[in-house]
Amino acid sequence: PGSSHLYSHGKKIVLAIAEGAKDISQLTVTLAPLQTLHAYQLRIDPTNFKLLSHCMLVTLACYLGEEFTPVAHAAMDKFLSAFAAVLAEKYR
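Going by UniProt numbering, the first residue of the sequence shown is number 1, and it counts up by one from there.
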């Protein structure tokens, strides 16, 4: 907590998610640079993308409370699952 590096990385993650949400049909194209970075340079275990998706859902549920309806939850879960799947594509 309080780490400027952590806040900076968190901001990058949220901006990447927002960029991907602009045109979901182009998610693979939008995330291509991140796919390469995470798969070949950082060598992040792809399981972490699913964990990140779950953490984002829990955070949204805690922050939004009753405004995070079952419909919103389902929509975000579907999008974040697609986001995680696209990031993991380079590992195959």
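Glycine included, every Cβ here is placed at the ideal spot set by N, Cα and C. These numbers were taken from a predicted model, which means no experiment stands behind them.
Where residue i falls, given that 16 or more other Cβ within 10 Å makes a residue buried
i	result
residue 42	exposed
residue 15	exposed
residue 80	buried
residue 53	buried
residue 10	exposed
Residue i: first and last residue of the uninterrupted alpha helix (DSSP H) it sits in
i	result
residue 35	27–36
residue 77	70–88
Cβ-Cβ distance between residue i and residue j below 8 Å
i	j	result
residue 27	residue 82	yes
residue 84	residue 50	yes
Any C-beta of chain D under 8 Å from that of residue i
i	result
residue 63	Among the protein chains of the structure shown there is no chain D, as only one such chain exists.
Is it a yes or a no for the segment 75–90 touching the segment 29–37, going by three-plus beta-carbon pairs under 8 Å?
yes
Taking 8 Å as the threshold, find out whether the segment 69–85 comes into contact with the segment 41–60 through three or more Cβ pairs.
yes
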